[in-house]
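Input: a single structure, listed below in structure tokens.
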Amino acid sequence: YDACLESFQPGLGRQTIEALFAPLEERLPGMIDDALARQQPPVEPKGPFALERQRELARSLMERIGFDFDHGRLDESAHPFCGGVPGDHRLTTRYRENEIVSALMGVLHETGHALYEAGLPRAW
């Protein structure tokens with residue numbers, strides 16, 4: 014581990030890291046439990062959610078955060094993913110009539126990948 018640290022951050026050894034994180038290791042578990050106890054339970058959206066409306070919402074969200082449909086597309090598959098080449102980004106998600114969150118989270122997550130890749134130099 015020290016060799017990896019030395020390569021990443023010369024002069025920063027395991028002892029320094031352990032000294033930095035020891036107080037956190039003591040305090041965080043209690044803080045996390047306290048924060049969780051104060052939270053309201055999540056409100057799960059209840060379906061059914063029409064598949065066509067989910068598709069429309071997904072596209073709208075993608076456009077609002079900057080996805081350019083002139084240089085990419087959204088399709089459906091068994092599992093969300095993002096791929097493509099510079100200037101052509103292909104994303105997928107899956108829709109379920111009784112559950113909308115996973116489709117939207119998949120779309121937003123994969124759109125993030127596409128936006129990152131769209132910002133890379135074309136020469137790469």
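Sequential numbering of the sequence shown, starting at 14, is according to our numbering. Backbone N, C-alpha and C fix where the C-beta goes; we use that ideal spot for every residue, glycine too. Here the structure is a predicted model, which is why all the values come from computation and not from measurement.
Could you give the distance in angstroms between the alpha-carbon of residue i and the alpha-carbon of residue j?
| i | j | result |
| --- | --- | --- |
| Gln67 | Tyr108 | 7 angstroms |
| Glu38 | Val114 | 33 angstroms |
| His92 | Thr106 | 6 angstroms |
| Pro42 | Asp88 | 41 angstroms |
| Gly79 | Pro61 | 28 angstroms |
| Ser20 | Gly125 | 30 angstroms |
| Ala116 | Glu57 | 14 angstroms |
| Asp81 | Ala63 | 25 angstroms |
| Ile30 | Asp47 | 26 angstroms |
| Gln53 | Arg72 | 30 angstroms |
| Glu69 | Leu18 | 47 angstroms |
In the DSSP output, what is residue i paired with across the bridge?
| i | result |
| --- | --- |
| Glu89 | Thr106 |
| Phe94 | Thr105 |
| Glu112 | Arg109 |
Would you mind reading off the limits of the alpha helix (DSSP H) that contains residue i?
| i | result |
| --- | --- |
| Ile30 | 27 to 51 |
| Phe21 | 15 to 21 |
| Ala71 | 64 to 77 |
Considering only C-alpha positions, which residue in the set the options is nearest to residue i?
| i | options | result |
| --- | --- | --- |
| His102 | Gly132, Leu64, Tyr14 | Gly132 |
| Ala136 | Ala127, Gly100, His122 | Gly100 |
| Glu110 | Lys59, Glu31, His122, Ser90 | Lys59 |
| Gly85 | Ser73, His122, Arg27, Val98 | Val98 |
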